[in-house]
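If you read the sequences in order, they're chains Z and Y.
Counted the way the working numbering counts, the first sequence spans residues 131 to 545.
Counted the way the working numbering counts, the second sequence spans residues 12 to 295.
Have a look at the structure below before the remarks.
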Amino acid sequence: MRTRGKVHILMLVLAVCWGLFACAGDEEDTGGSAQAIDPLTAEWEDILAQAEGSTVTFYMYGGWAHVNDWIDTYVAGELKTRYNITLERVPMDAAVFVNKLLTEKAAGQEQGSIDMMWINGENFRNAMEAELLFGPYAEKLPNFQAYVDPDSVAYDFGFPTNGYESPYGKAQFVFEYDSDRVENPPRSYEELLAWVEENPGRFTYPQPPDFTGSAFIRQAFYAVSGGHEPYMTGFDQALFDQGAGELWDYLQAMRPHLWQEGSSYPKDSAALDTLFARGEVDLNMSYHPIHAQSKIIEGTYPETVRTLVMAEGSIYNIHYTAIAANAPNPAGAMVVADFLLSPEAQLSKLDPANWGDFPVLDPAKLPEDIREAFAALDLGQATLPVDDLVPVAVPEVPSDYVEALEKGWDENVLQ
Amino acid sequence: MRTLIKLSPLLIPFCVLFLGGMVLAVAQSLGFFAPLEAEGGLFAAYSRLLEPPFLRSFGFSLYVALVSALVSVGLGSVLAYGVWKLPASLQKTATLYKVPLILPHIAVAFMILVFWTKSGVFASLAFHVGLIDSAGEFPSVLYSGNGLGMILAYVYKETPFVILLALAMLKRLDPRLIQTAVMFGASRPRIFISVVLPHLKPVLHTTFIILFLYSFGAFDIPFLLGESSPAMVSIEAYNLYFQRDLSNRPAAMAMLVVMFLFAALFIGIYARVVSRMEMRERKL
Numbered sequence: 131m132r133t134r135g136k137v138h139i140l141m142l143v144l145a146v147c148w149g150l151f152a153c154a155g156d157e158e159d160t161g162g163s164a165q166a167i168d169p170l171t172a173e174w175e176d177i178l179a180q181a182e183g184s185t186v187t188f189y190m191y192g193g194w195a196h197v198n199d200w201i202d203t204y205v206a207g208e209l210k211t212r213y214n215i216t217l218e219r220v221p222m223d224a225a226v227f228v229n230k231l232l233t234e235k236a237a238g239q240e241q242g243s244i245d246m247m248w249i250n251g252e253n254f255r256n257a258m259e260a261e262l263l264f265g266p267y268a269e270k271l272p273n274f275q276a277y278v279d280p281d282s283v284a285y286d287f288g289f290p291t292n293g294y295e296s297p298y299g300k301a302q303f304v305f306e307y308d309s310d311r312v313e314n315p316p317r318s319y320e321e322l323l324a325w326v327e328e329n330p331g332r333f334t335y336p337q338p339p340d341f342t343g344s345a346f347i348r349q350a351f352y353a354v355s356g357g358h359e360p361y362m363t364g365f366d367q368a369l370f371d372q373g374a375g376e377l378w379d380y381l382q383a384m385r386p387h388l389w390q391e392g393s394s395y396p397k398d399s400a401a402l403d404t405l406f407a408r409g410e411v412d413l414n415m416s417y418h419p420i421h422a423q424s425k426i427i428e429g430t431y432p433e434t435v436r437t438l439v440m441a442e443g444s445i446y447n448i449h450y451t452a453i454a455a456n457a458p459n460p461a462g463a464m465v466v467a468d469f470l471l472s473p474e475a476q477l478s479k480l481d482p483a484n485w486g487d488f489p490v491l492d493p494a495k496l497p498e499d500i501r502e503a504f505a506a507l508d509l510g511q512a513t514l515p516v517d518d519l520v521p522v523a524v525p526e527v528p529s530d531y532v533e534a535l536e537k538g539w540d541e542n543v544l545q
Numbered sequence: 012m013r014t015l016i017k018l019s020p021l022l023i024p025f026c027v028l029f030l031g032g033m034v035l036a037v038a039q040s041l042g043f044f045a046p047l048e049a050e051g052g053l054f055a056a057y058s059r060l061l062e063p064p065f066l067r068s069f070g071f072s073l074y075v076a077l078v079s080a081l082v083s084v085g086l087g088s089v090l091a092y093g094v095w096k097l098p099a100s101l102q103k104t105a106t107l108y109k110v111p112l113i114l115p116h117i118a119v120a121f122m123i124l125v126f127w128t129k130s131g132v133f134a135s136l137a138f139h140v141g142l143i144d145s146a147g148e149f150p151s152v153l154y155s156g157n158g159l160g161m162i163l164a165y166v167y168k169e170t171p172f173v174i175l176l177a178l179a180m181l182k183r184l185d186p187r188l189i190q191t192a193v194m195f196g197a198s199r200p201r202i203f204i205s206v207v208l209p210h211l212k213p214v215l216h217t218t219f220i221i222l223f224l225y226s227f228g229a230f231d232i233p234f235l236l237g238e239s240s241p242a243m244v245s246i247e248a249y250n251l252y253f254q255r256d257l258s259n260r261p262a263a264m265a266m267l268v269v270m271f272l273f274a275a276l277f278i279g280i281y282a283r284v285v286s287r288m289e290m291r292e293r294k295l
């Protein structure tokens, strides 16, 4: 009898496990109402109706507290009142959620856990090559049709977007310094090397492939090899070897004078921000021109922090939102993507007290009053005026170069 | 067979989760089920591991693991003996040593970070006391390329673990052995080496293996306190897996497989060496 009792217990355990698995399967079905429409062909009204009352999960980099706040309060609140959509923000690095999608695809999961994600560059290319994205949907969004210049968002790091992602914001690379501590900051890559040699231990950059660190070496790549133009047409090994050789020389010359003599690099831009805020280094960098002002408002940086751009050029890029091919709620995700493109959301996003991320809308297409509202927004004394940023703006390099530079940096500078 | 059936509630999840993961890792390291078509033959990913960068980071991981395990075991056994000798009235207070045991590794890493960076607590203390003229003069304990930050964190976290196990073992040590040694005029270090250590030996061997392999493969402390180059193997695998493009997946998996094989091999060799040493001692 005792053995039979044990068999019963075993069966019970198995049954419970089975039940749990089954429930887990059910829970994934969060996507709105039951009647199925194809959001790629449906009318916008039908998409809105489908999205009403649903939940959208938004996977995004979670390392910026002020951005998280903006999403959780302004965006989530507006979506609730306007469309009755519940937004769930999930903090995760882009490479990690692309990986999650890959795993879901390998497991044959038709309804995944991700609706929407914040993505660009190599992660977008990876996701496209593995066919993980939903679309083309961008041109269906009313705000895209009304306010976006399609040519300006046709490429993402040289990779055609083809409507598989919709623009979200624009960023440009700036350096940050405390005008109280540093009177004459370097204003070109040439001066930077000399400055680092004179001020040993007071400069470093995040370790590529960190997003910001990788952008720093790309900019140096342009600066030491004669500008961005030759690289725009696609990957050319001979061209790369020539330019990269000069870049490694430049960075190796800098290395012994870096923070910790270059034996260690901050692992991401947040780590470098901390070093800068605590005064261990004198120069910081950010891919967001208003980042310094946000940090001042937050109280992390002193009021005397200012930003500058390097004379040789400063990289800008557009970042995007995309929808997963196995999204449980693609209609809801499209409504959210559209809302993020609305002039109100873009204006709120530009405010340094919220996030301070540049809009992707075409000013020529905006109504007069909205254009004035954009112009009237005070971006703070730490932020460079657009007139300073635009003349030095240079585009991102095609993403094959990004990978080659990051790998080359490992082999030639780090080791 | 019946035991197997009885164990099945434990075995089934073990097989599915652990062995399934292992099989998948091995398969991906050989280029199967990889997100992108693998190039260059079955062992292409493994041949990448023979290049100097990986060998360096493998060697560095061995060094960090060895130093932190040795120091923890040494320090832990001495402290355990010290606690054991305390009068009964102080024994209760001595349980304070267990505090680091309940702290998560990541919390310990943060503590090291807060105390030891150039802008940390010790640096500003030294500055206020007047030992150094500016915070920048504080010696770089962390991120200076010798793994000191990680070793500090591991020693802090692991020493109490050694104390805990060694103390349990010492409870079974007959105090009269030590009294006899004292009567014969043995010095304190002599007593420790000749009486206490032999008694503790089995438990110290086990803890050494556990601590060594843990620090060799763990991720959280190196993630916060590790240097960029050479990086610990776990960080290398993480970077390759998450931060690089998809063609690097097989190499990342190969790293994990090598780590696993190394751990298995290490336990085997260590056990054999120890048993041989003990055989020799018995012959003497």
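Backbone N, C-alpha and C define an ideal beta-carbon position, used for all residues, glycine too.
Note that the coordinates shown come from a computational prediction; the quantities given were computed from them, not determined experimentally.
- Taking a 10 Å sphere around the C-beta of Leu-263 of chain Z, we find 16 or more other C-beta atoms and assign the residue as buried.
- Non-local beta-carbon contacts of Gly-343 of chain Z in its own chain, meaning distances under 6 Å to residues more than five positions away in sequence, involve Tyr-335, Pro-336 and Gln-337 in chain order.
- Taking a C-beta distance under 8 Å as the contact criterion, Met-247 of chain Z and Tyr-319 of chain Z do not qualify as a contact pair.
- The C-beta of Asn-542 of chain Z comes no closer than 8 Å to any C-beta of chain Y.
- Contact check for Val-205 of chain Z and Leu-217 of chain Z: beta-carbon distance about 6 Å, within the 8 Å limit, so the pair qualifies.
- Between Ser-393 of chain Z and chain Y, the shortest Cβ-Cβ separation is below 8 Å.
- The region 210 to 229 of chain Y makes no contact with the region 124 to 135 of chain Y: fewer than 3 CB pairs, one atom from each, lie closer than 8 Å.
- Taking a 10 Å sphere around the C-beta of Ser-198 of chain Y, we find fewer than 16 other C-beta atoms and assign the residue as exposed.
- Approximately 6 Å separates the beta-carbon atoms of Leu-471 of chain Z and Phe-274 of chain Z; this is inside 8 Å, confirming the contact.
- Going by C-alpha positions, Thr-170 of chain Y is about 5 Å away from Gly-87 of chain Y.
- Ile-123 of chain Y places its beta carbon 8 Å or farther from that of Ala-80 of chain Y.
- Using beta-carbon distances, Asn-484 of chain Z does not count as an interface residue toward chain Y, since no partner is under 8 Å.
- Ser-424 of chain Z counts as buried, since at least 16 other C-beta atoms from the protein chains shown sit within 10 angstroms of its C-beta.
- Residues of chain Z whose Cβ lies closer than 7 Å to the Cβ of Gln-254 of chain Y are, in chain order, Ala-225 and Pro-339.
- One Cα belongs to Tyr-298 of chain Z, the other to Tyr-395 of chain Z, and the distance between them is close to 30 Å.
- Neighbours of Tyr-165 of chain Y across chain Z, judged by C-beta separation under 8 Å, do not exist; the nearest C-beta is about 18 Å away.
- When CB distances to chain Z are screened at a threshold of 8 Å, the residues of the region 238 to 251 of chain Y falling below it are Glu-238, Ser-239, Ser-240 and Asn-250, in chain order.
- When only Cα atoms are considered, Leu-271 of chain Z and Thr-451 of chain Z end up about 12 Å apart.
- Distance from the CA atom of Ile-427 of chain Z to the CA atom of Pro-525 of chain Z, rounded to whole angstroms, is 29 Å.
- In this chain, the beta strand (DSSP E) harbouring Thr-216 of chain Z covers 216 to 221.
- Counting C-beta pairs closer than 8 Å gives three or more between the region 323 to 332 of chain Z and the region 411 to 420 of chain Z, which meets the contact rule.
- Contacts between Arg-408 of chain Z and chain Y, judged by CB atoms closer than 7 Å, involve Ser-130 in chain order.
- Contact annotation for Asn-229 of chain Z against chain Y: Tyr-252 and Phe-253 [CB-CB distance below 8 Å, chain order].
- DSSP places Asn-259 of chain Y in the helix class (H, G or I) of the three-state scheme.
- When C-alpha distances from Glu-182 of chain Z are compared across Z:Asp-487, Z:Pro-169, Z:Arg-212 and Z:Glu-173, the shortest belongs to Z:Arg-212.
- Around Ala-172 of chain Z, no beta-carbon contact reaches into chain Y at under 8 Å, the shortest distance being about 31 Å.
- Taking a beta-carbon distance threshold of 8 Å, Ala-236 of chain Z counts as an interface residue toward chain Y.
- What Pro-64 of chain Y touches in chain Z, judged by beta-carbon distance under 8 Å, is Asp-540, Glu-541 and Gln-545, going in chain order.
- Rounded to whole angstroms, the gap between the alpha carbons of Val-269 of chain Y and Lys-17 of chain Y is 33 Å.
- Scanning its chain for C-beta atoms nearer than 7 Å, with the 5 sequence neighbours on each side dropped, one finds around Phe-277 of chain Y the residues Leu-224, in chain order.
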